[in-house]
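Visitor: Right, I'll just put the structure down here and ask away after.
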Amino acid sequence: SGGMRLALLESAGGVASPGPSGSLQAELLRPLRLPGILVGDSRLGGISATISALESLQLRGIDTAAVVLAGGSLDNGAAISKHLRGSVPVFNLPACTKPIDGADGASQVDGVDANLAAWLKEAAPQLDALLDTLLTSHSKRVDRLGSMSSEARRLLWWP
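Written out as structure tokens, the structure reads:
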């Protein structure tokens, strides 16, 4: 009950997709000042799309804690990671198989679709590393925010 909790806010579409008001997703998210996880594209053309989306977020001042790619036979994660030079960690998750049609009790594991359960087991090391990265990023962000007033007194001139 006293442990760390994690909340995720998911938006639909890409960072440059319009929201209900017509504003871009990135512009709608900016006032919230929440750090983000960018779900990148592991398909052909995905390197460019992912890097462009990340730069769009960064230009708007949105902190991105990680880039996550799921599936794909191309090695987009390595190319994106090389371009980012460690500034944002990149996680490659295995592809998740579609749910079993007519999921009955026989195609479930502990009430979860068997394909999803198998994917969760296979992806567990990457998901654990992603969670560790998010918690570390959050801790550093809180520390940075907490030190801003003393940093401002040190750096800014007050007449």
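Going by my numbering, the sequence shown opens with residue 1, and the numbers climb by one from there. Here a beta-carbon is modelled for each residue, glycine too, at the ideal position from N, C-alpha and C. Computed from a predicted structure; not experimentally measured.
(1) Look at the alpha carbon of residue 60 and the alpha carbon of residue 26, and state the distance between them as a whole number of angstroms.
(2) With residue 123 and residue 94 assumed to form a contact (beta carbons below 8 Å), what rounded beta-carbon distance in angstroms separates them?
(3) Do you know how far the Cα of residue 68 is from the Cα of residue 114?
(4) Under a Cβ-count criterion, where at least 16 other Cβ atoms within 10 Å of its own Cβ denotes burial, should residue 75 be classed as buried or exposed?
(5) I think residue 133 touches residue 89, with their Cβ atoms under 8 Å apart; what is that distance to the nearest whole Å?
(6) Return the CA-CA distance between residue 37 and residue 83, expressed in angstroms with no decimal places.
(7) Can the beta-carbon of residue 15 be found closer than 8 Å to that of residue 57?
(8) With a 10 Å radius around its C-beta and 16 neighbouring C-beta atoms as the bar for buried, classify residue 9 as buried or exposed.
(9) Based on the DSSP output, what are the partners of residue 108 in its beta bridges?
(10) So residue 91 packs on residue 53, CB below 8 Å; how close in whole Å?
(11) Rounded to whole angstroms, what is the Cα-Cα separation between residue 110 and residue 71?
(12) Beta-carbon within less than 8 Å of residue 138's beta-carbon, same chain only, minus the 5 sequence neighbours each way: which residues are those?
Guide: In brief:
(1) 7 Å
(2) 6 Å
(3) 23 Å
(4) exposed
(5) 5 Å
(6) Rounded to the nearest angstrom, the two C-alpha atoms are 17 Å apart.
(7) yes
(8) Exposed: under 16 other Cβ atoms inside 10 Å.
(9) 113
(10) The C-beta separation of residue 91 from residue 53 comes to about 16 Å, leaving the pair out of contact by the 8 Å criterion.
(11) 25 Å
(12) Same-chain partners within the cutoff: 35 and 65.
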